[in-house]
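Just remember that my numbering sits 2 ahead of the position in the sequence shown, which is counted from 1.
Ideal placement from N, C-alpha and C gives every residue a C-beta, glycine not left out.
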Amino acid sequence: MERLKILLMGDASNCHAALAGALARQGHEVTLASAGSGFMKTSSPVSLRRPLPGKAGGLLLWLRLRRLLRSDLRGHDIVSICGPGFVDLRPARIRPVFDALRRDNGAVFMTHLGLDALYAADCLSADPPLPVNDFRINGRPSPYALAHPEAERLWTAPELTSLTEHIYNKVSGVTTVLYEYHVAALRRLSAAKVGYIGIPVDTEAVEPEPRRPGAPVNLFLGRHSRRKAEKGTDLLERAARIVAGRHPREVSFTLVEDRPYAEYIGLLRQADIVLDQLYSYTPATNALLAMARAKSVVSGAAEEYYRFIGEDRLRPIIPSSLDFDELVATLDEAATRPDLLDARGRQGRAFVEKHNGSDVVGRRAVEFWTKCLGRC
């Protein structure tokens, strides 16, 4: 395979950092420039963090980017930006950065790994890509929309929408990391310009962690404290506390919030069942990291997702339920059957190795990028 010079701009939940490692192992020259996934403080050789809060920090970052665009951020065969908000600047500042990346590099792609203005608009439309999304659940406002009524206005603001449309129109293609984002991207781009790669997990760096015999089953919830309603973790917390209260000797509950990535990974070792999210068709980073460690997870596990990835055998994920009583019953059954945890954990590890190993994801990305380059 031809050796590529690749620039990954921005990051979220360590996605680009894990992808960068895989691409480097495959022989490519990779530069990662990001703000380190915010509070997660993930690794980034080229830092795009604001050095100060407020306008002063934005100005200093803007000046640093202008210097970097004349040096480290040019001359690459491939650039992939982490969504339209790939740097922590106002949309009016991001646009010239994006245009400079297009001018001074080869093909520019976008990694679709989160909410953006066009995805938000589609979720809010009368015909959303999927009936359960960030803003609507089967036609009704989601808990996130109810808890944050200003979110619809902010995500569909004209300045942000204009930037997002510009990026979608100018990128050579979009790689998606979740089934939901893939379906949404196909609303905006032709199938030839959309490629699913999945969330990368470095399984080579992680060993399965068998549970401690005889210890209480630990229900573990790790989250961003400001995204409780968006991910349904407020309901997961309530349900877990009910189950732990019913079985105080057999079940424990651990809540972890807003921890840096490295610290969080260490805390994850104490988990037996990781509570990921409710309003999802698929497992996201939190669940996949746990599955790689042979932990059981409660997360999105829709049959549409399994069909999409071509998986007809492995079913390691405990499906979350939007009905609270059913959710409590699901957690109760999972937590009081420790004899099933090891087998489910082995399936989870096999699932991540097959579908989300970072080397697997890296090869998918390179294959998609080079295929698009051949059409340019």
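The beta strand (DSSP E) enclosing residue i, as first and last residue numbers
i, result
"isoleucine 199", "Where isoleucine 199 is concerned, there is no enclosing beta strand (DSSP E), given that its DSSP letter is neither H nor E."
"lysine 7", "7-11"
"glutamate 2", "Summary: the structure shown does not reach residue 2, with the chain confined to residues 3 through 378, and so no result is reported for it."
"leucine 277", "275-277"
Classification of residue i by the beta-carbon crowding that lies within 10 angstroms, buried from 16 upward
i, result
"aspartate 327", "exposed"
"tryptophan 376", "Contrary to the premise, residue 376 reads as glycine rather than tryptophan in this sequence. Classification of glycine 376: exposed, given that the 10 Å Cβ count is below 16."
"serine 127", "exposed"
"alanine 94", "exposed"
"tyrosine 172", "Reading off the sequence, residue 172 comes out as lysine, not tyrosine. Per the 10 Å Cβ criterion, exposed."
"alanine 345", "exposed"
"alanine 264", "exposed"
"lysine 233", "buried"
"glutamate 182", "buried"
"serine 360", "buried"
"glycine 247", "exposed"
Option in the options with minimal Cα separation from residue i
i, options, result
"asparagine 140", "Gly364, Leu324 and Leu270", "Leu324"
"arginine 104", "Gly87, Glu4, Ile80 and Tyr121", "Ile80"
"alanine 194", "Val32, Arg339 and Phe370", "Phe370"
"leucine 316", "Ser282, Glu355, Tyr283 and Ser254", "Glu355"
"glycine 116", "Leu10, Lys57, Ala19 and His184", "His184"
"serine 39", "Leu62, Val32, Ser49 and Leu257", "Ser49"
"glutamate 313", "Pro340, Arg295, Lys297 and Gln349", "Gln349"
"leucine 280", "Ile244, Thr332, Glu161 and Tyr266", "Thr332"
"proline 321", "His357, Asp278, Val362 and Asp341", "Asp278"
"leucine 238", "Leu221, Arg228, Thr338 and Arg251", "Leu221"
"asparagine 135", "Gly302, Leu270 and Leu156", "Gly302"
"methionine 42", "Lys297, Ser227 and Tyr283", "Ser227"
"arginine 97", "Glu306, Leu162 and Leu257", "Leu162"
Continuous alpha helix (DSSP H) stretch holding residue i: start and end
i, result
"glutamate 313", "Premise fails: glutamate 313 is in no alpha helix (DSSP H) and is neither H nor E."
"phenylalanine 353", "343-357"
"threonine 287", "287-294"
"arginine 155", "153-157"
Residue i - partner residues in DSSP beta bridges
i, result
"proline 143", "Arg138"
"glutamate 31", "Lys7"
"proline 321", "Ser301"
"valine 48", "Ala35"
beta-carbon residue i near the ligand HEM non-hydrogen atom, thresh 7 Å
i, result
"glycine 116", "The ligand HEM is not among the ligands present in this structure, which contains no ligands whatsoever."
Legend entry - Secondary structure, beta strand (DSSP E): runs of 3+ residues fully inside the segment 57-126: Fully enclosed beta strand (DSSP E) runs of 3 or longer: 80-84 and 109-114.
Legend entry - Residue ranges of each beta strand (DSSP E) within the segment 163-248, 3 or longer: Taken in chain order, the complete beta strand (DSSP E) segments of 3 or more residues contained in the segment 163-248 are 175-178, 196-198 and 219-225.
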